[in-house]
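Enquirer: All residue numbers for the sequence shown refer to the numbering used here, where the first residue is 10 and numbers rise by one. Positions of the beta carbon are idealized from the N, C-alpha and C atoms, including for glycine. Note that the coordinates shown come from a computational prediction; the quantities given were computed from them, not determined experimentally.
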Amino acid sequence: MVNMEKKFYVLPKLPFGYNDLEPHMSEEQLTIHHDKHHQGYVNKSNTILEKLDKARKDNTELDMKSTLKALSFNIGGHVLHSLFWPNLAPTDKGGGKPDGVLGDTIDKEFGSFERFKKEFSQAAVSVEGSGWAALSFCRKTNRPIIMQIEKHNVNVYPMFKILMVLDVWEHAYYLDYKNQRAKFVDSFWNIVNWDEVNKRLEELSK
Ligand code: MN
């Protein structure tokens with residue numbers, strides 16, 4: 010029997026220490042990002058769910074357009090950050106090149122890891138305003154496809170499994186890199202957790 014009890018979102022704990030990603034991501038940057046920004050999306054998502062619960066209970070009207078727009082934005086933020094943290098690995102363990110199924114999949118689609126890295130970096134650097142670069146996978150074509158997500162929810166391919174994300178909102182890097190997003194994107198490759206990305210890809214064949 011499936012447990013259908015209604016719940017609210019919860020901020021996940023980081024899978025590493027706040028200073029484990031230094032010098033690529035400072036303790037201060039990571040702490041504010043996780044404890045303030047990610048927590049903010051969790052809180053706002055829950056507040057909107059409570060507002061929906063209350064309006065339904067009291068049978069009052071809601072502005073559905075603005076409510077659902079805010080809900081999508083905040084849940085999107087929570088979901089992407091929850092994928093982002095395990096995508097990262099402590100400085101002494103992360104980076105390098107992907108191997109296994111992921112390495113093969115990248116080589117087959119992009120020709121080489123270097124070509125993939127270049128395309129993904131360019132996608133990340135050129136996101137207009139706030140957003141994310143994501144590596145997703147389309148099961149219809151068996152192709153990994155890069156998404157350039159604006160905000161948290163624009164340009165998303167529905168139902169594509171997300172394998173890897175990189176947050177390029179200014180709040181992700183401004184303390185460490187000021188306005189130099191490209192430097193932050195470069196440093197990401199030193200702390201990416203390929204085992205996690207590989208695991209997400211392998212889950213597709215289960
Ligand atoms: Mn963020």
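Return the CA-CA distance between Thr69 and Lys60, expressed in angstroms with no decimal places.
Expert: Distance between the alpha carbons of Thr69 and Lys60 is about 10 Å.
Enquirer: Say the cut is 7 Å; is the CB of Asp101 nearer than that to a heavy atom of the ligand MN?
Expert: Checking every heavy atom of the ligand MN against the Cβ of Asp101, none is found closer than 7 Å.
Enquirer: Which of the three DSSP states is assigned to Glu14 in this structure?
Expert: Coil, per DSSP.
Enquirer: Let me confirm a value: Gln189 is counted as buried when at least 16 other C-beta atoms fall within 10 Å, else exposed. Which label applies?
Expert: So Gln189 counts as exposed.
Enquirer: Mapping the DSSP letters down to three states, classify Glu159 as helix, strand or coil.
Expert: Glu159: strand per DSSP, three-state reduction.
Enquirer: Indicate whether Leu23 and His46 have their beta-carbon atoms separated by less than 8 Å.
Expert: Taking 8 Å as the Cβ cut-off, Leu23 and His46 do not qualify as a contacting pair.
Enquirer: Less than 8 Å between the CB atoms is what I'm expecting for Glu118 and Arg148, so what's the real figure, rounded?
Expert: With 8 Å as the limit, Glu118 and Arg148 do not qualify as a contact, their Cβ atoms being about 14 Å apart.
Enquirer: Mind checking whether the beta-carbon of Asp176 lies closer than 7 Å to any heavy atom of the ligand MN?
Expert: Yes, the ligand MN has a heavy atom inside 7 Å of this Cβ.
Enquirer: The ligand MN heavy atoms versus the CB of Ala181: any closer than 7 Å?
Expert: Checking the Cβ of Ala181 against the ligand MN gives yes.
Enquirer: Classify Val177 as helix, strand or coil using the three-state DSSP reduction.
Expert: Coil.
Enquirer: Counting along the chain, where does the alpha helix (DSSP H) carrying Trp203 start and finish?
Expert: Looking at the DSSP string, the run of the alpha helix (DSSP H) that includes Trp203 is Trp203 to Glu212.
Enquirer: What separation, rounded to the nearest whole angstrom, lies between the Cα atoms of Asn162 and Val88?
Expert: The straight-line gap from Cα to Cα measures roughly 10 Å.
Enquirer: Could you please give the first and the last residue of the uninterrupted alpha helix (DSSP H) stretch that includes Gly112?
Expert: Gly109 to Phe119 is the span of the alpha helix (DSSP H), which, as asked, contains Gly112.
Enquirer: Apart from the five residues just before and just after Ile200, which ones in its own chain have a Cβ nearer than 8 Å to its Cβ?
Expert: Here the set comprises Leu30, His33, Met34, Leu97, Ala98, Pro99, Thr100, Gly103 and Gly104.
Enquirer: Buried or exposed, going by whether 16 or more other CB atoms sit within 10 Å of the CB of Glu137?
Expert: Result: exposed.
Enquirer: Would the C-beta of His33 count as close to the ligand MN, meaning under 7 Å from any of its heavy atoms?
Expert: His33: no, Cβ never under 7 Å from the ligand MN.
Enquirer: If Ser54 sits next to Tyr18, beta carbons under 8 Å apart, how far is it from one beta carbon to the other, in whole angstroms?
Expert: Yes, they are in contact, since the Cβ atoms of Ser54 and Tyr18 sit about 5 Å apart, within 8 Å.
Enquirer: Hey, Leu20 and Gln48 are a contact pair by Cβ (cut 8 Å); roughly how many whole angstroms apart?
Expert: Confirmed, Cβ separation roughly 5 Å.
Enquirer: Which residue or residues does DSSP assign as beta-bridge partners of Pro153?
Expert: Paired residue(s): Phe146.
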